[in-house]
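Novice: Which chain is which? The protein sequence lines are E and Y, in order.
The first sequence begins at 12 in the numbering used here and counts up by one.
The second sequence begins at 314 in the numbering used here and counts up by one.
Every residue gets a Cβ at the ideal spot worked out from N, C-alpha and C, and that includes glycine.
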Amino acid sequence: MNFFDADFLVGDGPKPSRFPTGTVGEVLAQMDHFGIQRSLFRSAAHAWSIPDGNRLAASFAPGEARLVPAWFLVPHHAGEFPSPEELPGAMKRAGVGALVCDPALPFSTRRTFCGDLFAVCEERRIPILMPAPDYPGYEKCDQVLCEFPKLTLVALNGHSWGLARYTWPLLERFPSFHLALGPCRVSGEVQETVKRFGARRLCFSTGAPR
Amino acid sequence: MNFIDLHGHHGAYVGFPMPRSSTPEMIREMDRHQIATLVLSPHRALIEPGSNGATAEILREASGRFLAYWVVHPHGEGRFEREIAAFEAARALGFVGFKFHSSLHQYPLDGPRFEPWWTYADAHRLLVLAHTWGGDTRCGLENCRRVAEKWPNVRFVLGHSGYHEHEAFARLAGAHEHLYLDTCAVGCLDGAIEAMVRIAGSEKVVFGTDLPWFDPGYLMGAVKYSGIREEDRMNILRENAEKILAPLR
Ligand SMILES: [Zn+2]
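1) Nearest to LEU524 of chain Y by CA position, among E:LEU190, E:CYS214, E:VAL197 and E:PHE129, is which residue?
2) List, in chain order, every chain Y residue whose beta-carbon is nearer than 8 Å to that of GLY199 of chain E.
3) Name the one or two DSSP bridge partners that ILE139 of chain E has.
4) Considering only heavy atoms of ligand 1, does any lie closer than 8 Å to the CB of ASP503 of chain Y?
5) Please list, in chain order, the chain E residues whose beta carbon lies closer than 9 Å to that of TYR538 of chain Y.
6) Starting from GLU203 of chain E, find everything on chain Y with Cβ-Cβ shorter than 7 Å and list it in chain order.
7) Reducing DSSP to helix, strand and coil, say where GLN48 of chain E ends up.
8) Checking contacts by CB at 9 Å: is CYS457 of chain Y closer than that to chain E?
9) What's the gap between the Cα of TRP82 of chain E and the Cα of ILE360 of chain Y?
10) I need the straight-line Cα distance from ALA115 of chain E to LEU372 of chain Y, nearest angstrom please.
11) Is ARG196 of chain E helix, strand or coil by DSSP?
12) May I ask whether a heavy atom of ligand 1 can be found less than 8 Å away from the beta carbon of ASP63 of chain E?
13) Over what stretch of residues does the alpha helix (DSSP H) that includes TYR149 of chain E continue unbroken?
14) Got a sec? Which residues, its chain only, sit under 6 Å from ILE340 of chain Y by beta carbon, not counting five neighbours each side?
15) Chain Y partners of ARG196 of chain E, CB-CB under 7 Å?
16) Starting from the Cα of LEU174 of chain E, find the closest Cα among E:PHE52, E:ARG49 and E:CYS195 and give me that residue.
17) Quick one, are the C-beta atoms of ILE541 of chain Y and SER515 of chain Y less than 9 Å apart?
18) With 16 other CB atoms within 10 Å as the buried threshold, where does PHE45 of chain E fall?
19) Say the cut is 8 Å; is the CB of ASP523 of chain Y nearer than that to a heavy atom of ligand 1?
20) Starting from GLY328 of chain Y, find everything on chain E with Cβ-Cβ shorter than 8 Å and list it in chain order.
21) Please confirm whether TYR177 of chain E and ALA143 of chain E have their CB atoms less than 9 Å apart.
22) Under 8 Å from any heavy atom of ligand 1, does the C-beta of TRP526 of chain Y make it?
23) Please report the Cβ distance between ARG484 of chain Y and ARG438 of chain Y, rounded to the nearest whole angstrom; I am assuming they are in contact, meaning their Cβ atoms lie under 8 Å.
24) Quick one, are the C-beta atoms of GLY475 of chain Y and GLY500 of chain Y less than 9 Å apart?
25) Taking 9 Å as the CB-CB cut-off, is ASP495 of chain Y touching chain E?
26) Would you decide whether ASP449 of chain Y is buried or exposed? Buried here means 16 or more other CB atoms lie within 10 Å of its CB.
27) Just tell me which of E:TRP172, E:ALA219 and E:THR163 has its CA closest to the CA of LEU3 of chain E.
28) Can you give the beta carbon distance from ASN456 of chain Y to ASP423 of chain Y, rounded, assuming they're within the 8 Å contact cut?
29) By the three-class DSSP mapping on this structure, what secondary structure does TYR531 of chain Y have?
30) Rounded to whole angstroms, what is the Cα-Cα separation between GLY148 of chain E and ASP127 of chain E?
31) Can you give the Cα-Cα distance for PHE129 of chain E and VAL111 of chain E, rounded to whole angstroms?
32) Return the residue from the list Y:ASN315, Y:SER354, Y:ASP318 and Y:ALA349 that minimises the CA-CA distance to TYR326 of chain Y.
33) Mind pulling the chain Y residues with CB within less than 9 Å of ARG176 of chain E?
34) What are the uninterrupted segments assigned as beta strand (DSSP E) that are 3 or more residues long and contained completely in the stretch 383 to 420 of chain Y, given in chain order?
35) Between PHE30 of chain E and chain Y, is the shortest Cβ-Cβ distance under 9 Å, so that the two count as touching?
36) Could you please give me the residues that DSSP links to SER54 of chain E through a beta bridge?
See the structure below:
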C-alpha cells in the first residue's frame with residue numbers, strides 16, 4: 012500500500028522528539044518506517060514567522076517528489092503573503108501543494124480579510140487545510156464554507172472521539188469539504204463515514220512527528 | 314484467532330455516537346482483529362449503580378466471547394454483602410473480577426469503602442481492572458502502590474498504565490508480581506509501549522483497547538510498530554492474559 016500523509020511537520024520544534032525531522036533524510040527515514048510514500052508538510056518555522064516558515068518550507072526539499080510543501084495563509088494586505096493575483100504563480104514556482112489556514116492564529120478568516128484569497132483558491136481549486144484541534148474548529152470550517160461553498164476545504168482533524176456529530180453535517184452540506192482523519196480512532200467511525208460519503212472525501216494524516 | 318483484550322466496554326455512551334457498540338457489532342470487530350476474548354464493563358454498569366445484573370444478559374448474548382468485570386460503585390451504604398452474593402451467583406456466566414473507576418466515581422482507589430472488595434479479590438485471587446491516570450489523586454501512582462502492597466494476590470491491571478506517567482507505573486508494575494500495565498489509550502503515546510516493556514518486561518503488559526471506543530487495529534498497530542520483539546508482542550497480545558484468566562474461567 013502507498014500512503015500519502017496530508018499533515019507532516021518538518022524542522023526542529025521547541026519540544027524534543029524521539030523522531031527528529033530536521034533534515035530531508037530524517038523525514039524520509041520516518042516515512043519509510045511507516046510505509047508512507049509522500050507527505051504534504053508544514054515547517055516548524057511557521058511557529059515563529061509566517062513569511063519565514065513559507066520560505067523555509069519551499070526551500071526544505073526542492074526537487075524531492077516525496078515531499079510536498081504547504082504554505083500558511085494569512086491576509087495579504089500587510090505584505091506577508093502573496094496577493095490573490097500573485098498566489099497561483101508563486102505556489103507553482105515553489106512547488107507548494109496546499110495552503111494551511113489556521114484559525115488559531117491571530118487573524119480573521121472573514122471575507123474582508125481573506126475573501127480575495129479564498130475566491131482565487133475556490134476558482135483555481137487550491138486546497139485549504141484548516142486545523143480543527145477542537146470542536147469549534149468545525150464551526151470555523153462551516154463559517155468559511157457558508158461564504159465560499161465551492162472552496163476545497165480539508166479539515167485537519169485533531170479529535171480522538173466522536174467525529175460524526177461534527178463532520179457528517181459538513182460532509183453532507185458541502186461537496187467540497189474533506190476530512191483529514193488525524194487521530195480519529197473510534198471503532199467503526201471511518202468505515203461508517205466511508206459508507207455514507209465515500210472514501211474520496213477522506214485523507215490519511217498523521218500529524219507526525221507529534 | 315487468539316488474541317485477548319482485557320479492557321473493553323459495551324453499549325451506547327453519552328459522549329458521542331459509537332458505531333460498533335452492540336454485541337454483534339463488537340464481535341464482528343473482534344473477529345476482524347482475531348480477538349478471541351474481550352473482558353468488559355458496560356457503560357451502563359459504570360454509570361448506574363446496581364446495574365451489573367444487566368451485564369449478565371450481554372454475556373449470554375455473546376455466548377462465550379465476552380467475560381466481564383463487576384463494576385464496584387463507592388457510593389451507598391451496606392452494598393458489599395448484598396452485591397458480593399449477586400456477584401458469586403453470576404460468576405459462572407463469565408464474571409472474572411471487579412472494575413474500579415475512581416476518576417468517574419470520584420472516590421480514591423484505596424479508600425475505605427473499597428477495602429472489603431479488595432480484601433475479597435485478594436482472598437479469591439480475582440482479576441481487577443482499575444482506571445488509572447497520571448497525576449490523578451484518586452487513581453494515581455500512590456493510590457495504586459498502596460493497593461498493590463496491601464493486597465498482593467489480586468491480579469491487578471493498571472488500566473491506561475497511569476497515562477502520562479507510564480514510566481513510573483512501569484517501575485511499580487515491575488516491582489509487584491501480580492501488577493500489570495495495559496496498552497489502552499497509553500499505547501498511542503509515542504514510545505510508550507517500548508518503554509513499558511523495557512522497564513517492566515513484556516510479561517507485565519496486557520492488551521486493552523477500550524472497544525467500542527478504540528478501533529482495535531489502532532492499538533494493534535501501536536504494538537506492531539513499537540519496535541519490540543515478536544515474542545514480546547505475543548506476551549502482550551495473548552500469553553499474559555491467558556495465564557491471568559486460566560484459573561478464573
Ligand atoms: Zn476503559
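Specialist: Put simply:
1) For the purposes of this step, residue 524 of chain Y is taken as the residue at position 211 of the second sequence. Closest by alpha carbon: E:VAL197.
2) As a position in the first sequence, residue 199 of chain E is number 188, starting the count at 1. What GLY199 of chain E touches in chain Y: MET331, PRO332, ARG333, GLU338, GLU342, PRO525 and ASP528.
3) Residue mapping note: residue 139 of chain E aligns to position 128 of the first sequence, counting from 1. For ILE139 of chain E, which the question treats as bridged, DSSP gives the partners E:LEU110 and E:LEU164.
4) Start at 1 with the first residue of the second sequence, and residue 503 of chain Y comes out as number 190. Incorrect: ASP503 of chain Y has no Cβ contact closer than 8 Å to ligand 1.
5) Working through the second sequence from its first residue, we reach residue 538 of chain Y at position 225. Simply HIS44 and PHE45.
6) The residue labelled residue 203 of chain E in the question sits at position 192 within the first sequence. Ordered by position in chain Y, the residues that pass the 7 Å Cβ test against GLU203 of chain E are PRO332.
7) As a first step, residue 48 of chain E is located in the first sequence; it is residue number 37 there, counting from the start. Three-state result, GLN48 of chain E: strand.
8) Counting from 1 along the second sequence, the entry for residue 457 of chain Y is found at position 144. Judged by the 9 Å Cβ criterion, CYS457 of chain Y is not in contact with chain E.
9) Translated into the one-based positions of the first sequence, residue 82 of chain E becomes position 71. Translated into the one-based positions of the second sequence, residue 360 of chain Y becomes position 47. So the alpha carbons of these two residues sit roughly 47 Å apart.
10) As a first step, residue 115 of chain E must be located in the first sequence, where it is residue number 104. As a first step, residue 372 of chain Y must be located in the second sequence, where it is residue number 59. Spanning the two alpha carbons is a distance of roughly 47 Å.
11) Position 185 of the first sequence holds residue 196 of chain E. Looking at ARG196 of chain E - three-state DSSP - the assignment turns out to be coil, as it is neither helix nor strand.
12) Translated into positions along the first sequence, residue 63 of chain E becomes position 52. No, the beta carbon of ASP63 of chain E sits no closer than 8 Å to any heavy atom of ligand 1.
13) Along the first sequence, read from residue 1 onward, the residue named residue 149 of chain E stands at position 138. First-last of the alpha helix (DSSP H) with TYR149 of chain E: 147 to 158.
14) The residue given as residue 340 of chain Y occupies position 27 in the second sequence. Counting only Cβ-Cβ distances below 6 Å, and skipping sequence neighbours, we find ARG378.
15) Along the first sequence, read from residue 1 onward, the residue named residue 196 of chain E stands at position 185. Near ARG196 of chain E (Cβ distances below 7 Å), the residues of chain Y are PHE527, ASP528 and TYR531.
16) Here residue 174 of chain E refers to the residue found at position 163 of the first sequence. The shortest Cα separation from LEU174 of chain E among E:PHE52, E:ARG49 and E:CYS195 belongs to E:CYS195.
17) Taking the first residue of the second sequence as 1, we reach residue 541 of chain Y at position 228. Taking the first residue of the second sequence as 1, we reach residue 515 of chain Y at position 202. Yes, they are a contact pair.
18) For the purposes of this step, residue 45 of chain E is identified with residue 34 of the first sequence, where counting begins at 1. It counts as exposed.
19) Here residue 523 of chain Y is taken as the residue at index 210 of the second sequence, counted from 1. Checking every heavy atom of ligand 1 against the Cβ of ASP523 of chain Y, one is found closer than 8 Å.
20) As a position in the second sequence, residue 328 of chain Y is number 15, starting the count at 1. Neighbours of GLY328 of chain Y on chain E, chain order: TRP172 and GLY173.
21) Along the first sequence, read from residue 1 onward, the residue named residue 177 of chain E stands at position 166. Along the first sequence, read from residue 1 onward, the residue named residue 143 of chain E stands at position 132. The answer is yes: Cβ separation under 9 Å.
22) Counting from 1 along the second sequence, the entry for residue 526 of chain Y is found at position 213. Yes; taking the cut-off as 8 Å, the Cβ of TRP526 of chain Y has a heavy atom of ligand 1 nearer than that.
23) Here residue 484 of chain Y corresponds to residue number 171 of the second sequence, with the count starting at 1. Here residue 438 of chain Y corresponds to residue number 125 of the second sequence, with the count starting at 1. Their Cβ separation, rounded to whole angstroms, is 24 Å, which puts ARG484 of chain Y and ARG438 of chain Y out of contact at 8 Å.
24) On the second sequence, position 162 is the one that residue 475 of chain Y refers to. On the second sequence, position 187 is the one that residue 500 of chain Y refers to. Contact flag unset, no.
25) Start at 1 with the first residue of the second sequence, and residue 495 of chain Y comes out as number 182. With 9 Å as the cut-off, ASP495 of chain Y does not count as an interface residue toward chain E.
26) The residue you call residue 449 of chain Y lines up with position 136 of the second sequence. So ASP449 of chain Y counts as buried.
27) Nothing in the structure corresponds to residue 3 of chain E, since chain E is present only between 12 and 221.
28) Taking the first residue of the second sequence as 1, we reach residue 456 of chain Y at position 143. Taking the first residue of the second sequence as 1, we reach residue 423 of chain Y at position 110. Right, the Cβ-Cβ distance comes to about 5 Å (below 8 Å), so this counts as a contact.
29) Translated into positions along the second sequence, residue 531 of chain Y becomes position 218. Helix at TYR531 of chain Y.
30) In the first sequence, the residue the question calls residue 148 of chain E occupies position 137. In the first sequence, the residue the question calls residue 127 of chain E occupies position 116. Distance between the alpha carbons of GLY148 of chain E and ASP127 of chain E is about 22 Å.
31) Here residue 129 of chain E is taken as the residue at index 118 of the first sequence, counted from 1. Here residue 111 of chain E is taken as the residue at index 100 of the first sequence, counted from 1. Roughly 12 Å separates the two Cα atoms.
32) Within the second sequence, residue 326 of chain Y is the residue found at index 13, counting from 1. For TYR326 of chain Y, the nearest C-alpha among the options comes from Y:SER354.
33) Numbered from 1 along the first sequence, position 165 holds the residue referred to as residue 176 of chain E. Neighbours of ARG176 of chain E on chain Y, chain order: PHE329 and PRO330.
34) 408 to 413
35) Residue 30 of chain E sits at position 19 when you count from the first residue of the first sequence. True, the Cβ-Cβ gap to chain Y drops below 9 Å.
36) Position 43 of the first sequence, counted from the start, is the residue given in the question as residue 54 of chain E. SER54 of chain E pairs with E:VAL21.
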